[in-house]
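Here is the structure we will look at, set down as C-alpha coordinates.
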Amino acid sequence: MSYTERDFIEDFKKFREFRSKKKKFSSLSEEEKADFKKIKDKLQEFLLRNPLIGKQRRKHLRADMSLDAQIFYGTFSEFCECSTIGSGGMFLKTNLRPPPGSIVKIKVSLPEGGEIEIKGKVLYSAGGKIVKEGVGVQFIEEEEKAEELKEILIEHFGSIITGGE
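The opening residue of the sequence shown carries number 9 in my numbering; numbering runs sequentially from there.
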(Lines of atoms letter the chains of each structure in order from A and count residues from 1; the text may use other names and numbers.)
(Lines give C-alpha, C1' and ligand atoms only; values in the text may rest on other atoms or scores of the structure.)
Protein backbone atom coordinates (compact mmCIF):
# COMPACT_ATOMS: atom_id res chain seq x y z
CA MET A 1 0.00 0.00 0.00
CA SER A 2 1.33 3.41 -0.99
CA TYR A 3 1.87 6.31 1.43
CA THR A 4 -0.58 9.00 0.28
CA GLU A 5 -1.10 12.70 0.94
CA ARG A 6 -3.92 11.69 3.32
CA ASP A 7 -1.47 9.48 5.27
CA PHE A 8 0.95 12.40 5.33
CA ILE A 9 -1.70 14.72 6.79
CA GLU A 10 -2.60 12.21 9.51
CA ASP A 11 1.05 11.63 10.40
CA PHE A 12 1.74 15.36 10.39
CA LYS A 13 -1.12 15.87 12.88
CA LYS A 14 0.47 13.22 15.10
CA PHE A 15 3.86 14.90 14.74
CA ARG A 16 2.42 18.33 15.68
CA GLU A 17 0.60 16.78 18.66
CA PHE A 18 3.85 15.16 19.73
CA ARG A 19 5.70 18.49 19.44
CA SER A 20 2.94 20.42 21.24
CA LYS A 21 3.63 18.49 24.43
CA LYS A 22 6.90 20.48 24.58
CA LYS A 23 8.83 17.54 25.96
CA LYS A 24 12.52 17.27 25.31
CA PHE A 25 13.38 14.31 23.11
CA SER A 26 15.77 12.98 25.76
CA SER A 27 12.91 12.75 28.29
CA LEU A 28 10.78 10.47 26.08
CA SER A 29 10.47 6.75 26.70
CA GLU A 30 12.21 4.46 24.21
CA GLU A 31 8.82 3.55 22.72
CA GLU A 32 7.89 7.24 22.30
CA LYS A 33 11.27 7.95 20.70
CA ALA A 34 10.78 5.08 18.26
CA ASP A 35 7.24 6.27 17.37
CA PHE A 36 8.43 9.85 16.93
CA LYS A 37 11.33 8.76 14.70
CA LYS A 38 9.09 6.49 12.61
CA ILE A 39 6.61 9.31 11.95
CA LYS A 40 9.42 11.81 11.28
CA ASP A 41 11.08 9.45 8.79
CA LYS A 42 7.82 8.81 6.90
CA LEU A 43 7.09 12.55 6.70
CA GLN A 44 10.59 13.36 5.57
CA GLU A 45 10.58 10.68 2.88
CA PHE A 46 7.19 11.83 1.58
CA LEU A 47 8.29 15.48 1.48
CA LEU A 48 11.47 14.64 -0.37
CA ARG A 49 9.47 12.71 -2.98
CA ASN A 50 6.69 15.35 -3.17
CA PRO A 51 8.29 18.76 -2.53
CA LEU A 52 5.43 20.82 -3.95
CA ILE A 53 2.30 19.86 -2.05
CA GLY A 54 -0.50 22.36 -2.52
CA LYS A 55 -0.25 25.58 -4.50
CA GLN A 56 2.61 27.31 -2.72
CA ARG A 57 5.95 27.33 -4.51
CA ARG A 58 8.75 28.56 -2.31
CA LYS A 59 12.28 29.48 -3.19
CA HIS A 60 13.60 28.01 0.09
CA LEU A 61 12.64 25.01 2.18
CA ARG A 62 10.84 25.80 5.41
CA ALA A 63 9.71 24.16 8.64
CA ASP A 64 6.65 24.94 10.72
CA MET A 65 7.46 25.03 14.42
CA SER A 66 7.19 27.18 17.50
CA LEU A 67 10.28 28.86 18.93
CA ASP A 68 10.59 31.79 21.32
CA ALA A 69 12.19 34.82 19.72
CA GLN A 70 12.70 38.53 20.19
CA ILE A 71 12.51 41.11 17.41
CA PHE A 72 14.36 44.45 17.52
CA TYR A 73 13.47 47.41 15.30
CA GLY A 74 15.02 50.80 16.01
CA THR A 75 14.44 51.47 19.71
CA PHE A 76 11.57 48.97 19.88
CA SER A 77 11.73 45.31 20.80
CA GLU A 78 9.15 42.63 21.51
CA PHE A 79 9.18 39.00 22.58
CA CYS A 80 7.40 36.93 19.97
CA GLU A 81 7.05 33.48 18.46
CA CYS A 82 8.80 32.19 15.37
CA SER A 83 6.22 29.93 13.73
CA THR A 84 7.88 29.17 10.40
CA ILE A 85 11.56 29.12 9.57
CA GLY A 86 13.61 28.21 6.55
CA SER A 87 17.00 28.77 5.02
CA GLY A 88 15.80 32.06 3.51
CA GLY A 89 13.94 33.63 6.42
CA MET A 90 11.18 33.28 9.00
CA PHE A 91 7.69 34.35 10.01
CA LEU A 92 7.34 35.96 13.43
CA LYS A 93 4.01 36.22 15.25
CA THR A 94 4.33 39.73 16.65
CA ASN A 95 2.39 42.94 17.15
CA LEU A 96 5.49 44.96 16.18
CA ARG A 97 4.99 45.93 12.52
CA PRO A 98 8.11 47.42 10.93
CA PRO A 99 7.30 48.48 7.37
CA PRO A 100 8.45 46.31 4.45
CA GLY A 101 12.10 46.96 3.66
CA SER A 102 13.00 47.65 7.30
CA ILE A 103 16.08 45.99 8.77
CA VAL A 104 15.46 44.10 12.02
CA LYS A 105 17.54 42.04 14.42
CA ILE A 106 16.11 38.75 15.70
CA LYS A 107 17.21 36.59 18.61
CA VAL A 108 15.89 33.03 18.39
CA SER A 109 15.95 30.77 21.46
CA LEU A 110 17.29 27.38 20.42
CA PRO A 111 15.53 24.14 21.45
CA GLU A 112 18.50 22.79 23.42
CA GLY A 113 19.33 26.13 25.07
CA GLY A 114 21.26 29.17 23.94
CA GLU A 115 20.23 31.54 21.21
CA ILE A 116 21.26 32.77 17.81
CA GLU A 117 21.08 36.37 16.64
CA ILE A 118 20.48 37.18 12.98
CA LYS A 119 19.61 40.24 10.87
CA GLY A 120 16.78 40.33 8.40
CA LYS A 121 14.75 42.51 6.08
CA VAL A 122 10.98 42.73 6.57
CA LEU A 123 9.29 41.47 3.39
CA TYR A 124 5.69 41.83 4.51
CA SER A 125 3.44 42.47 7.45
CA ALA A 126 0.34 40.34 7.87
CA GLY A 127 -2.66 40.55 10.10
CA GLY A 128 -6.34 39.97 10.11
CA LYS A 129 -8.98 37.34 10.54
CA ILE A 130 -7.67 35.01 7.84
CA VAL A 131 -3.89 35.49 7.93
CA LYS A 132 -1.65 35.05 10.99
CA GLU A 133 -0.58 38.36 12.52
CA GLY A 134 3.11 39.06 12.25
CA VAL A 135 5.95 39.78 9.85
CA GLY A 136 7.79 37.82 7.21
CA VAL A 137 11.54 38.40 7.42
CA GLN A 138 14.25 37.49 4.89
CA PHE A 139 17.72 36.77 6.27
CA ILE A 140 20.35 39.18 4.97
CA GLU A 141 24.13 39.03 4.64
CA GLU A 142 24.49 36.30 7.25
CA GLU A 143 24.37 33.10 5.27
CA GLU A 144 26.59 31.31 7.79
CA LYS A 145 24.26 32.13 10.70
CA ALA A 146 21.18 31.23 8.66
CA GLU A 147 22.77 27.92 7.68
CA GLU A 148 23.80 27.25 11.30
CA LEU A 149 20.25 27.95 12.48
CA LYS A 150 18.81 25.70 9.77
CA GLU A 151 21.18 22.84 10.71
CA ILE A 152 20.32 23.13 14.42
CA LEU A 153 16.60 23.06 13.64
CA ILE A 154 16.88 20.16 11.20
CA GLU A 155 18.78 18.20 13.83
CA HIS A 156 16.20 18.98 16.51
CA PHE A 157 12.97 18.88 14.49
CA GLY A 158 13.88 16.11 12.07
CA SER A 159 13.90 18.21 8.89
CA ILE A 160 10.15 18.51 8.58
CA ILE A 161 10.27 20.76 5.57
CA THR A 162 7.90 21.92 2.87
CA GLY A 163 8.11 24.01 -0.26
CA GLY A 164 11.23 24.74 -2.23
CA GLU A 165 12.11 24.58 -5.89
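A virtual CB, placed ideally from N, CA and C, is assigned to each residue, including glycine. Since the model is a prediction, treat every value here as computed from it, not as a measurement.
- Closest option to residue 101, judged by alpha-carbon separation, among 77, 107, 113: 77.
- Minimum Cα-Cα distance from residue 128 among the listed residues 134, 15, 110, 116 corresponds to 110.
- At the C-beta level, residue 112 and residue 145 come within 8 Å of one another.
- Among the bridge pairs identified by DSSP, residue 81 is matched with 84.
- Residue 132 is classed as exposed because its beta carbon has fewer than 16 other beta carbons within 10 Å across all chains shown.
- Counting the other Cβ atoms within 10 Å of the Cβ of residue 17 gives fewer than 16, which makes it exposed.
- Note on geometry: alpha-carbon atoms of residue 82 and residue 105 lie some 12 Å from one another.
- Under the three-state reduction of DSSP, residue 126 is assigned to strand.
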